[in-house]
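In full-length UniProt numbering, the protein residues as written are 1 to 233.
Right, dumping it as structure tokens:
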């Protein structure tokens, strides 16, 4: 893939070579996704396991359900203008920040309100964050170390880490029943495959600016949202 017509001409990260430009874009995209997922994990974990906090009791009530539903609806609504102006700074960054905040609230509140199913969601988000963090670190090393671009190795690594973490989670305390947590594992493994497809598609379209990773983040959650208009502005 190095040296083809779609390769980027300028590096997005200082210290990386021209051959690492694909890794630059992957790093930026999945660093953003990792941040979203880790914030969702932190928020959801606090809501699930800190039941003694008074404001968290309110979240588990009917108003909490209403807040969760409203957050989810707003998350979907904000995505529409974000798709339309994904190439227009600074509004795309402001909407992306709002969209990410709503994502964290929606996931966290879902984990709290849905009880056992919510814990399954939490496990799934934890496993998905392992995938994106491992890919982010690998992409950074690839950009600095001038690795040939290939997502096969980091995705296999992410799948291996997901399996290892899934096996060790019950040792520290079961976050969800085995009968339901298996769905979290399957969701994380499917996410690995989707990550492979999304990353390769983004690099194939050859975006060399920060809006490319933003579009890829949208695509990582909603495959239909990534199209040639977003890819080429």
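Note that CB positions come from ideal geometry on N, CA and C, so glycine has one too.
- Closest option to residue 187, judged by alpha-carbon separation, among 49, 33, 42, 121: 121.
- Per DSSP, the unbroken alpha helix (DSSP H) holding residue 73 starts and ends at 62-84.
- For residue 92, the enclosing alpha helix (DSSP H) covers residues 91-113.
- Ranked by how close their Cα comes to the Cα of residue 21, the residues 190, 182, 149, 189 have 149 in first place.
- Where residue 151 is concerned, there is no enclosing alpha helix (DSSP H), because DSSP gives it neither an H nor an E.
- Within the same chain, and ignoring the five residues on either side of residue 140 in sequence, the residues whose Cβ sits closer than 6 Å to its Cβ are 27.
- Taken atom to atom, the span from the alpha-carbon of residue 31 to that of residue 63 is near 33 Å.
- Going by DSSP, residue 50 is part of no alpha helix (DSSP H) at all; its letter is neither H nor E.
- As the crow flies, the alpha-carbon of residue 128 is around 21 Å from that of residue 79.
- If you check the CB distance, residue 184 and residue 166 come in under 9 Å.
- As the crow flies, the alpha-carbon of residue 23 is around 19 Å from that of residue 191.
- Inclusion of residue 199 and residue 157 in the CB contact set at 9 Å is not warranted, their separation being larger than that value.
- In this structure, the straight-line span from the alpha carbon of residue 109 to that of residue 138 is close to 31 Å.
- With respect to residue 112, residue 48 sits close: the two C-beta atoms are nearer than 9 Å.
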